[in-house]
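Peer 1: Numbering-wise, the sequence shown is residues 74 to 361 according to the working numbering.
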Amino acid sequence: SKLTQPESLKKYLEVIHNIDKKEIERRKDLYRRSWNYRKVDHIPIGIWLDDFSEYSLKEQCENLDIQFTVNVKNISRCLKCIPDDYIPYARICPYHSFLNLVTQLQIDCYREIIKAAGGINRLTSIDFDPLWAPEGYKCFVSDDVCAAISPDTFRTFSKPYIEMIFRAFEGGRLHNCGPHPAVKYYLNNEIGLKGLNCSYRYTRSNLQALKEAFKGYGIVEFNFDNNETAEEIIKGFEEIANSLAPDVIGMPLVFLNETWKDDEITSLYHELRKISELYARELNFKND
Numbered sequence: 074s075k076l077t078q079p080e081s082l083k084k085y086l087e088v089i090h091n092i093d094k095k096e097i098e099r100r101k102d103l104y105r106r107s108w109n110y111r112k113v114d115h116i117p118i119g120i121w122l123d124d125f126s127e128y129s130l131k132e133q134c135e136n137l138d139i140q141f142t143v144n145v146k147n148i149s150r151c152l153k154c155i156p157d158d159y160i161p162y163a164r165i166c167p168y169h170s171f172l173n174l175v176t177q178l179q180i181d182c183y184r185e186i187i188k189a190a191g192g193i194n195r196l197t198s199i200d201f202d203p204l205w206a207p208e209g210y211k212c213f214v215s216d217d218v219c220a221a222i223s224p225d226t227f228r229t230f231s232k233p234y235i236e237m238i239f240r241a242f243e244g245g246r247l248h249n250c251g252p253h254p255a256v257k258y259y260l261n262n263e264i265g266l267k268g269l270n271c272s273y274r275y276t277r278s279n280l281q282a283l284k285e286a287f288k289g290y291g292i293v294e295f296n297f298d299n300n301e302t303a304e305e306i307i308k309g310f311e312e313i314a315n316s317l318a319p320d321v322i323g324m325p326l327v328f329l330n331e332t333w334k335d336d337e338i339t340s341l342y343h344e345l346r347k348i349s350e351l352y353a354r355e356l357n358f359k360n361d
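1. So G309 is in the alpha helix (DSSP H); what residue range does that whole segment cover?
2. Using the C-alpha atoms, what's the distance from F297 back to A282?
3. Near I338, which residues of its chain fall below 8 Å by C-beta distance, leaving aside the five closest residues on each side in sequence?
4. Locate the alpha helix (DSSP H) running through H248, then write down its first and last residues.
5. Could you name each continuous alpha helix (DSSP H) segment of 4 residues or more that falls completely within the region 185-244, going from the start of the chain to the end?
6. Look up E367 in the DSSP assignment and say whether it is helix, strand or coil.
7. Please state whether DSSP places R294 in a helix, a strand or coil.
8. Can you have a look at E211 and say buried or exposed, based on whether 16 or more other CB atoms are within 10 angstroms of its CB?
9. Kindly identify the DSSP beta-bridge partner or partners of L266.
10. Determine the DSSP secondary structure at S81, reduced to helix, strand or coil.
11. Three-state secondary structure (DSSP) at V113?
12. Sorted by chain position, which residues of the same chain lie with C-beta nearer than 7 Å to N147's C-beta, five sequence neighbours on each side aside?
13. Would the beta-carbon of I313 fall within 8 Å of that of G323?
14. Given this structure, state the Cα-to-Cα distance separating N173 from T226, to the nearest angstrom.
15. Quick one, are the C-beta atoms of E348 and F295 less than 8 Å apart?
16. Can you list, in chain order, the residues of its chain with a C-beta nearer than 7 Å to that of P224? Leave out the 5 residues immediately preceding and following it.
17. Tell whether a beta-carbon distance below 8 Å holds between P117 and D158.
18. Got a sec, what are the start and stop residues for the alpha helix (DSSP H) V145 sits in?
19. Could you tell me which of R184, L247 and Y183 sits nearest to V214, measuring between CA atoms?
20. Relative to the alpha-carbon of F171, which residue among S81, C219 and Y234 has its alpha-carbon at the smallest distance?
21. Taking the alpha-carbon positions, what's the G192 to Y183 distance?
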């Protein structure tokens, strides 16, 4: 390894360097015979050793020197403590290789969905958003983890892969329920990422930041999907309109269940429509 090899690792490395390859091969044969139901003197016993006494799993995954050190110690200890069955294995954490693989798989799945639907424009979007998106904005990527943690986490572990999906399809929306510490990094005109789908409940504290980041370009969909009452939904949309006007368009997306009566649904729509009309009159639209 070209990585740091402190003096304290010497004794552990010696154990690894002195591995008897014939002995390891004998141990492998124990597994081979067991898998094929051939006679063995004992069934293989697996023991996996973790050590978080000095470094957390996060530290081990993010720092190759730490990862190397911990692996060397654990492998050496297992070679000494497990006399007959242990075959060395290192915990390698290639984050970005894995994320590339997962993202490509996601893209391939979307392509199959689009194919089954008869074309991308037969979908509201390529993922779960039920709100129809115009042609050219059908892409939809959910990120409820990295985007809610921190700007650095979002830019490192999410943004490159979100953009990879957007480049494979078209422009569209990102989903994060909220909160939105990385909101200023969401939009990307180059790939047409111009929308956000979020939870009203978990985004209320970020309305001003959304207004600044999405001004004159971004669309925000606010999900009311936490069993809000009609009164709560109406007040929520009023807050959205008052907070984002005149710079940003915020659309309510209300999820209702079977307990709502027909007249209640119609009444809710008309109340939201009143707010929507006032909101539209206050917005700064581009000239047609």
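In this text, a Cβ means the ideal position worked out from N, Cα and C, and glycines have one as well.
Peer 2: In short, the structure shows the following:
1. As a position in the sequence shown, residue 309 is number 236, starting the count at 1. Unbroken alpha helix (DSSP H) run through G309: A303 to L317.
2. Reading the sequence shown from its first residue, position 209 is the one you call residue 282. Reading the sequence shown from its first residue, position 224 is the one you call residue 297. Looking at the two C-alpha atoms, the distance is approximately 20 Å.
3. Indexing the sequence shown from 1 puts residue 338 at position 265. The residues are L329.
4. As a working note, residue 248 is residue 175 in the sequence shown. From DSSP, H248 is part of no alpha helix (DSSP H) but of the beta strand (DSSP E) over G245 to H248.
5. Here the runs fully enclosed are 219-222, 224-230 and 232-241.
6. This structure leaves residue 367 out entirely; the chain is present only between 74 and 361.
7. Counting from one through the sequence shown, the residue named residue 294 turns up at place 221. The displayed chain sequence assigns Glu, not Arg, to residue 294. In the structure shown, E294 adopts extended strand secondary structure according to DSSP, grouped into three states.
8. Here residue 211 refers to the residue found at position 138 of the sequence shown. Going by the sequence as given, residue 211 is Lys instead of Glu. Flag for K211 reads buried.
9. Along the sequence shown, one-based indexing puts residue 266 at 193. Residue pairing by DSSP places L266 opposite G245 and N261 in a beta bridge.
10. Along the sequence shown, one-based indexing puts residue 81 at 8. It is helical.
11. For this step, residue 113 is matched to residue 40 along the sequence shown. DSSP places V113 in coil when its eight states are reduced to three.
12. Within the sequence shown, residue 147 is the residue found at index 74, counting from 1. These residues qualify, in order along the chain: L122 and D124.
13. Your numbering for residue 313 matches position 240 in the sequence shown. Your numbering for residue 323 matches position 250 in the sequence shown. The answer is yes: Cβ separation under 8 Å.
14. Locating residue 173 in the sequence shown gives position 100, counting from the first residue. Locating residue 226 in the sequence shown gives position 153, counting from the first residue. Rounded to whole angstroms, N173 to T226 spans 16 Å at the Cα level.
15. In the sequence shown, residue 348 corresponds to position 275, counting from 1. In the sequence shown, residue 295 corresponds to position 222, counting from 1. According to the sequence as given, residue 348 is Ile; it is not Glu. Going by C-beta atoms, I348 is not nearer than 8 Å to F295.
16. On the sequence shown, residue 224 is found 151 positions in, with the first residue counted as 1. Close CB contacts of P224 within its chain, under the 7 Å cut and outside five residues either way in sequence, are with P254, A255 and Y258 (chain order).
17. Here residue 117 refers to the residue found at position 44 of the sequence shown. Here residue 158 refers to the residue found at position 85 of the sequence shown. Cβ atoms of P117 and D158: closer than 8 Å.
18. For the purposes of this step, residue 145 is identified with residue 72 of the sequence shown, where counting begins at 1. Taken as a continuous stretch (DSSP letters only), the alpha helix (DSSP H) holding V145 covers L137 to C154.
19. Sequence index remark: in the sequence shown, residue 214 carries index 141 (1-based). Just measuring C-alpha positions, the residue of R184, L247 and Y183 sitting nearest V214 is L247.
20. The sequence position of residue 171 within the sequence shown is 98, counting from 1. Residue Y234 is the option with its Cα nearest to F171.
21. Working through the sequence shown from its first residue, we reach residue 192 at position 119. Working through the sequence shown from its first residue, we reach residue 183 at position 110. Each residue's Cα considered, the two are about 11 Å apart.
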